[in-house]
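This report concerns only the one structure given below.
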Amino acid sequence: MKKFVLIAVGAAAGWIVWSRVQQERAERELWAEVTDSFGETPESYRV
Numbered sequence: 029m030k031k032f033v034l035i036a037v038g039a040a041a042g043w044i045v046w047s048r049v050q051q052e053r054a055e056r057e058l059w060a061e062v063t064d065s066f067g068e069t070p071e072s073y074r075v
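This is how it looks when you write it as structure tokens:
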């Protein structure tokens, strides 16, 4: 029974870590998208 509880706790901890990593990755991609074009003139404003 102890083994099962330890496996369940380990799986839950792994899932929490994985979800946080995914959240951080999504936020980093969003910021990269916003800041990569900083200082450039948008296509619609070019003549």
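Numbering follows my numbering, with no gaps: position 12 of the sequence shown is 40.
The beta carbon of each residue, even a glycine, is placed where N, CA and C say it ideally should be.
Nearest-angstrom Cα separation, counted from residue j out to residue i
i: residue 61; j: residue 42; result: 29 Å
i: residue 58; j: residue 48; result: 15 Å
i: residue 40; j: residue 34; result: 10 Å
i: residue 63; j: residue 31; result: 48 Å
i: residue 53; j: residue 45; result: 12 Å
Cβ of residue i within 9 Å of any chain C Cβ
i: residue 44; result: No chain C appears in this structure, which consists of one protein chain only.
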